[in-house]
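Peer 1:
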Amino acid sequence: MLYKEWAGCYAVRRYDVYVDREYYAVRHQATAMDASPLYKYDVRGKDAAALLGRIMVRGFAKFAPGRVGYVCWCDEHGKVLDDGTVTRFAQDRFRVTSADPALAWFARQSRGLEVSIEDCSRTLAALALQGPRSREILRGLIGPAIDGLKFFRALETRLPGKPGPELVVTRTGYTGDLGYELWVENDHAVRLWDALFEAGAPHGLLAMGLDALDVARVEAGFLLGGCDYTSARRALITRQKSTPYELGFDWMVELEREPFVGQAALARAAVQGPARRFVGLEIDWEDFERIYERYQLPPHLETGTSREGVPLYRGGRQVGYATSRSWSPLLKKYLALGTVDADLAAPDNELEIDVTCEYERHRARARVRKLPFFDPERKKSP
Amino acid sequence: MKTYDAIVVGGGHNGLVCAAYLAKAGRSVLVLERRHVLGGAAVSEQVFPGFTFSVCSYVVSLLRPWIIRELELARFGLEMIPLEASFLPLPDGDSLCRWSDPELTRKEVCRFSPKDAEALGEFALAMSKIGRFAKPVIDSPAPDPGSLHPAKLVELLRLGRHFSRAPEDELDLRLKLFSMSAVDFLDEWFESPVLKAPMSVSGIIGTMLGVRSPGTAYVLLHHYMGEIDGAFRSWGFSKGGTGGVSNAIANAARHFGAETRTEASVKHILVEGGVARGVVLENGDELRARAVVSGCDPRRTFLGLVGKQHLPDEFAADIARFKYRGSSGKVNLALDRLPEFRCRPGNGPHLRGDIAIAPSIDYLERAYDDAKYGDFSAHPYINVVIPSTVDPSVAPPGKHVMSCFVQYAPYHIKEGPQHWPERREAFGEAVIDTLQEYIPDIRSIILHKQVLSPWDLEQEFGLSEGNIFHGELTLEQLAFLRPAAGWARYRTPVPNLWLAGSGAHPGGGIMGAPGALCAREMLASGAVR
Chain A
0 MLYKEWAGCY
10 AVRRYDVYVD
20 REYYAVRHQA
30 TAMDASPLYK
40 YDVRGKDAAA
50 LLGRIMVRGF
60 AKFAPGRVGY
70 VCWCDEHGKV
80 LDDGTVTRFA
90 QDRFRVTSAD
100 PALAWFARQS
110 RGLEVSIEDC
120 SRTLAALALQ
130 GPRSREILRG
140 LIGPAIDGLK
150 FFRALETRLP
160 GKPGPELVVT
170 RTGYTGDLGY
180 ELWVENDHAV
190 RLWDALFEAG
200 APHGLLAMGL
210 DALDVARVEA
220 GFLLGGCDYT
230 SARRALITRQ
240 KSTPYELGFD
250 WMVELEREPF
260 VGQAALARAA
270 VQGPARRFVG
280 LEIDWEDFER
290 IYERYQLPPH
300 LETGTSREGV
310 PLYRGGRQVG
320 YATSRSWSPL
330 LKKYLALGTV
340 DADLAAPDNE
350 LEIDVTCEYE
360 RHRARARVRK
370 LPFFDPERKK
380 SP
Chain B
0 MKTYDAIVVG
10 GGHNGLVCAA
20 YLAKAGRSVL
30 VLERRHVLGG
40 AAVSEQVFPG
50 FTFSVCSYVV
60 SLLRPWIIRE
70 LELARFGLEM
80 IPLEASFLPL
90 PDGDSLCRWS
100 DPELTRKEVC
110 RFSPKDAEAL
120 GEFALAMSKI
130 GRFAKPVIDS
140 PAPDPGSLHP
150 AKLVELLRLG
160 RHFSRAPEDE
170 LDLRLKLFSM
180 SAVDFLDEWF
190 ESPVLKAPMS
200 VSGIIGTMLG
210 VRSPGTAYVL
220 LHHYMGEIDG
230 AFRSWGFSKG
240 GTGGVSNAIA
250 NAARHFGAET
260 RTEASVKHIL
270 VEGGVARGVV
280 LENGDELRAR
290 AVVSGCDPRR
300 TFLGLVGKQH
310 LPDEFAADIA
320 RFKYRGSSGK
330 VNLALDRLPE
340 FRCRPGNGPH
350 LRGDIAIAPS
360 IDYLERAYDD
370 AKYGDFSAHP
380 YINVVIPSTV
390 DPSVAPPGKH
400 VMSCFVQYAP
410 YHIKEGPQHW
420 PERREAFGEA
430 VIDTLQEYIP
440 DIRSIILHKQ
450 VLSPWDLEQE
460 FGLSEGNIFH
470 GELTLEQLAF
480 LRPAAGWARY
490 RTPVPNLWLA
500 GSGAHPGGGI
510 MGAPGALCAR
520 EMLASGAVR
């Protein structure tokens, strides 16, 4: 087992020497991954929706209980601080997840509002159950209630037992597949894990680490903070920061509503349009192979996702950079996520990507592709 | 008789840096040190057999990386060991440790305030940004705002542009930093006093001000500009004690051809026809040079070694007014074994960094109250390091050395500074009593003890009024005002006499910049051939 640091915790990168078994399991069977290091905040009170509307780039006044939303939030200059999910359980009860600690930031925006923010990052466990068989496994665990749970909806239920501990199931995930995330108090986390593996054994449930997830999320076209973009909170200089428009979050931004952090800056940015854009790229395999042929070598790829940034060119000029690169075993394509000048961000635009072979640098053709690369029907199917 | 290109008075680290640069440029240089050992306040001495103390200065961070490179100090013996943590024991049995790993620190701070844990990252980022902007200021001579010389104007413009390029919120922050007290400034970021107290002390080190005194916020920045191997904000021990830094510089200087002489006390600087021509030693020897460089502080240099009669009245008055007001002392202990903290018993990484006795802001302000009225603090702020935990060369196996920087120990006690020798013992006891609250068995493990009052720092190390920075690092004594308006570029009103110590821009700490920048100015001006 290989570990890495994630939000101050040791998190498993892979349970196996190779990443493949876990990757194939998420696409063909199901996998369980401990996502507990995520930061989690329970926001409660009469003004909970108002607070979140004030922080996030979208409003929550009309957001129905039981819904989950993917959002980002910005600083006052309209630069993205973090992205995460917001779940509404009731009129006055929300849960927010984030990659970085956000308690102080949220609390700072809560002046004059009747709201409480509780940091449950280290008291609430999160388990990601993902893959085509995940629904059947959950059905075995909590019964047919799971069948009614639509994409990006939340279900409050209980684990089997007398009385069974509270369990929240959201139909969300970071793999772009059919999948769920399960949320329980820490004390019951091991029990949940065991119950899940009991129910999952006939379906080939496998424990998955972060490396396999990293391949799945590239296929799904999900960007990763700290890898594909830098939080405005951590950026040392302005050019390291991004607006939601640059990250392809245009669809989430709701400008015409009550004031929120970064609203004025975002209104200006919306008019100007982004100077660069987050895109998907497909590297031309034959071109890539040709580079290796010159050295009489077979093409070589690292297993998993490479997070080493490489330049993108067009006509000899650098026009962007790729931040995540991954061979997709499922699509049989060499994929990348990156950022390019906005005028070149349209699908099918041809660029060049830096390729290093035998310590010598070359360029291979790469085409801009629409995201997500992989979008199975089962992800959203009823 | 040989005429040197330059004679450097005082073999402290800045004098040595200056000598090394001059020698490297091919000039003949002689360094004269009054004591038996080089290093000035950056000195290691075996005060008790087997125990090497960093007698005065005890950690290194601001030593300029370009000096390390240009003088090849690593080749000449400089070895730095980073501090692992900042540990704050509390009287109630709790404690806070800030680690170099931000996640570990976050967890610790979370116990006191989860919000502060987040703010700490933002604060560090903001301070590093400002620190980055301040870096060129400490790495070049102070601009002269009064000069119309085109070259000086270009410098000023460059600096102005550098500053104006900062985002607006950073400009606000800078203004606050220059005007607020350390506590007020930290109040804008943090809520937990447990975090604020140890952070605020960076603002008062070496000054006769309290953590609530306006103007102390700036010095916080000084402590965020530290850099080791390109990593900002890190502090380190020099292997073998801080004398290791001085020895490496001295080795470099000698390698480049400089001569160094210890136990060579300069009686006065020889001024003939208003021009510095050399020095006269205590033993009567006269040594001549084309330039004389003083590594001593401004008061000792001008009012002591030169004499008022050779100075313009206004300048002499400025120098006489320059504030020293030493406020700190040192207690160095040789220990039989590692100290055991009540709040975190046993050996551990918390002992391998600096340990602050600063339990609350009120505690620190009360410590200052004692000093304001002419007494040492009954319960002082103490900054403890135990370098033997990471550098076994400074103590016999299993034994340890513990260095305690203590504030406040005002030079001007109400009995008069000359009465410090009678109060020294009581001062040392106050420090050990304070430590005992946190380390109950401290008295039983002390093998030897060395207590240095500001009076001792003056008498033994030549630091006027015992000020560790050659004059307070307050805003009105910095940049083009250090040591006096119009004389911030290492030149002095006495032709051929140069100032290279911490009393010159950019100031104190084991930085080396005043010495290096002085040498650079001397060479550029053609003062030495």
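Here the protein sequences line up with chains A and B, keeping their order. Here numbering that gives the first Met the number 0 is used: the first residue of the first sequence is 0, the next is one more, and so on. Here numbering that gives the first Met the number 0 is used: the first residue of the second sequence is 0, the next is one more, and so on. Glycine included, each C-beta is placed from N, C-alpha and C at the ideal position. Keep in mind the model is a prediction, meaning the values are calculated, not measured.
Whole angstroms is fine: what's the gap from arginine 211/B's alpha carbon to histidine 418/B's?
Peer 2: Distance between the alpha carbons of arginine 211/B and histidine 418/B: 29 Å.
Peer 1: Who are the neighbours of arginine 94/A on chain B, taking C-beta pairs under 8 Å?
Peer 2: Neighbours of arginine 94/A on chain B: none; closest Cβ ~17 Å, over 8 Å.
Peer 1: Taking the straight line between their C-alpha atoms, what separation do you get for alanine 49/A and leucine 254/A?
Peer 2: In a straight line, the C-alpha of alanine 49/A is about 15 Å away from that of leucine 254/A.
Peer 1: Kindly confirm or deny that the region 33-49 of chain A and the region 131-138 of chain B touch, where touching means at least three C-beta pairs closer than 8 Å.
Peer 2: No, the region 33-49 of chain A is not in contact with the region 131-138 of chain B.
Peer 1: Let me know the secondary structure DSSP gives histidine 187/A once reduced to three states.
Peer 2: It is helical.
Peer 1: Might you give, ordered along the chain, the residues of its own chain that have their beta carbon closer than 6 Å to the beta carbon of tryptophan 234/B, omitting 5 neighbours on each side?
Peer 2: Cβ within range, chain order: Val58, Ser60, Leu82 and Gly225.
Peer 1: Using C-beta distances below 6 Å, list every residue in its chain close to tyrosine 410/B, excluding the 5 sequence neighbours before and after it, in chain order.
Peer 2: Answer for tyrosine 410/B: Gly325, Pro416, Pro453, Glu464 and Gly465, listed in chain order.
Peer 1: Counting only runs of 3+ residues fully inside the region 312-356 of chain B, write out the beta strand (DSSP E) ranges in chain order.
Peer 2: With a minimum length of 3 residues, the continuous beta strand (DSSP E) runs that stay inside the region 312-356 of chain B are 327-334 and 353-356.
Peer 1: Thinking C-alpha only, which one of Gln28/A, Tyr14/A, Arg275/A and Ala266/A is nearest alanine 200/A?
Peer 2: Nearest option by C-alpha distance: Gln28/A.
Peer 1: Spell out whether any CB of chain B is found under 8 Å from the CB atom of lysine 245/A.
Peer 2: The amino acid occupying residue 245/A in the given sequence is glutamate; lysine does not appear at that position. Not closer than 8 Å to any Cβ of chain B, the Cβ of glutamate 245/A fails to qualify, so no.
Peer 1: On a CA-only basis, which of Arg422/B, Arg105/B, Met401/B and Phe86/B is nearest cysteine 96/B? Give me that one, please.
Peer 2: Of the candidates Arg422/B, Arg105/B, Met401/B and Phe86/B, the one whose C-alpha sits nearest the C-alpha of cysteine 96/B is Phe86/B.
Peer 1: Is the CB-CB distance between tyrosine 40/A and aspartate 91/A below 8 Å?
Peer 2: The answer is no: Cβ separation not under 8 Å.
Peer 1: What is the residue span of the beta strand (DSSP E) that leucine 31/B lies within?
Peer 2: 28-31 is the extent of the beta strand (DSSP E) around leucine 31/B.
Peer 1: Taking C-beta to C-beta, are glycine 11/B and alanine 41/B nearer than 8 Å?
Peer 2: Contact flag set, yes.
Peer 1: What's the call for tyrosine 217/B, buried or exposed, on a 16-neighbour Cβ count within 10 Å?
Peer 2: Buried, since its Cβ has 16 or more Cβ neighbours within 10 Å.
Peer 1: For glycine 256/B, which residues in the same chain have their Cβ closer than 6 Å to its Cβ, ignoring the five residues on either side in sequence?
Peer 2: If we look at glycine 256/B and ignore the five residues flanking it on each side, its Cβ neighbours are Ala22.
Peer 1: For the region 94-115 of chain B, list every residue whose C-beta sits within 8 Å of some C-beta in chain A, in sequence order.
Peer 2: Against chain A - using a Cβ distance shorter than 8 Å - the residues of the region 94-115 of chain B are Glu102, Leu103, Arg105, Lys106, Pro113, Lys114 and Asp115.
Peer 1: Is the separation between the beta-carbon of threonine 51/B and that of glycine 240/B shorter than 8 Å?
Peer 2: Yes, Cβ-Cβ distance for threonine 51/B and glycine 240/B is below 8 Å.
Peer 1: Going by DSSP in three states, threonine 388/B sits in which element: helix, strand or coil?
Peer 2: Looking at threonine 388/B - three-state DSSP - the assignment turns out to be helix.
Peer 1: Counting Cβ pairs, one atom from each stretch, are 3 or more of them under 8 Å apart for the region 312-319 of chain B and the region 23-37 of chain B?
Peer 2: Not touching, per the Cβ criterion.
Peer 1: If you drop the 5 nearest sequence neighbours on each side, which residues of the same chain put their C-beta closer than 6 Å to that of tyrosine 22/A?
Peer 2: Counting only Cβ-Cβ distances below 6 Å, and skipping sequence neighbours, we find Ala211 and Val214.
Peer 1: With DSSP collapsed to three states, give me the class of histidine 299/A.
Peer 2: Three-state result, histidine 299/A: coil.
Peer 1: Return yes when the Cβ of valine 384/B is within less than 8 Å of the Cβ of aspartate 335/B, no when it is not.
Peer 2: Their beta carbons are not under 8 Å apart, which means aspartate 335/B does not touch valine 384/B by this criterion.
Peer 1: Please report the Cβ distance between leucine 370/A and alanine 321/A, rounded to the nearest whole angstrom; I am assuming they are in contact, meaning their Cβ atoms lie under 8 Å.
Peer 2: Incorrect: roughly 14 Å between the Cβ atoms, too far for contact.
Peer 1: Using 10 angstroms around the beta-carbon of leucine 156/B, count the other beta-carbons present and answer buried if the total reaches 16, otherwise exposed.
Peer 2: Its Cβ having fewer than 16 others within 10 Å, leucine 156/B is exposed.
Peer 1: By the criterion of Cβ-Cβ separation under 8 Å, what are the contact partners of alanine 118/B in chain A?
Peer 2: Those within 8 Å of alanine 118/B in chain A are Ala103.
Peer 1: Per DSSP, glutamate 349/A is paired with what?
Peer 2: Per DSSP, Arg366/A.
Peer 1: Do three or more CB pairs link the region 334-350 of chain B to the region 393-400 of chain B at distances below 8 Å?
Peer 2: With the cut-off at 8 Å, the region 334-350 of chain B and the region 393-400 of chain B touch.
Peer 1: Taking C-beta to C-beta, are threonine 300/B and glutamate 32/B nearer than 8 Å?
Peer 2: No, the pair does not count as a contact, with Cβ atoms beyond the cut-off.
Peer 1: I think serine 323/A touches aspartate 227/A, with their Cβ atoms under 8 Å apart; what is that distance to the nearest whole Å?
Peer 2: Between aspartate 227/A and serine 323/A the Cβ distance is about 6 Å, and since that is below 8 Å, they are a contact.
Peer 1: Between which residues of its own chain and threonine 156/A is the CB-CB distance below 7 Å, once the five residues before and five after are set aside?
Peer 2: So the list reads Ile141, Ala144, Leu166 and Val168, once near-sequence residues are dropped.
Peer 1: Taking C-alpha atoms, which residue in Ile290/A, Trp192/A and Asp176/A lies nearest to arginine 377/A?
Peer 2: Nearest C-alpha to arginine 377/A: Asp176/A.
Peer 1: Leaving out the 5 sequence neighbours to the left and right, which residues in its chain are closer than 6 Å to phenylalanine 62/A when beta-carbon positions are compared?
Peer 2: So the qualifying residues of the chain are Arg87.
Peer 1: Measure from the C-beta of glutamate 121/B to each C-beta in chain A and report whether the shortest distance is under 8 Å.
Peer 2: Yes, because at least one Cβ of chain A sits closer than 8 Å to the Cβ of glutamate 121/B.
Peer 1: Starting from lysine 39/A, trace the beta strand (DSSP E) both ways and give me its first and last residue.
Peer 2: Unbroken beta strand (DSSP E) run through lysine 39/A: 38-43.
Peer 1: When every heavy atom of the ligand MG is checked, does at least one fall within less than 7 Å of the C-beta of phenylalanine 314/B?
Peer 2: Ligands displayed in this structure: none; no statement on the ligand MG is therefore possible.
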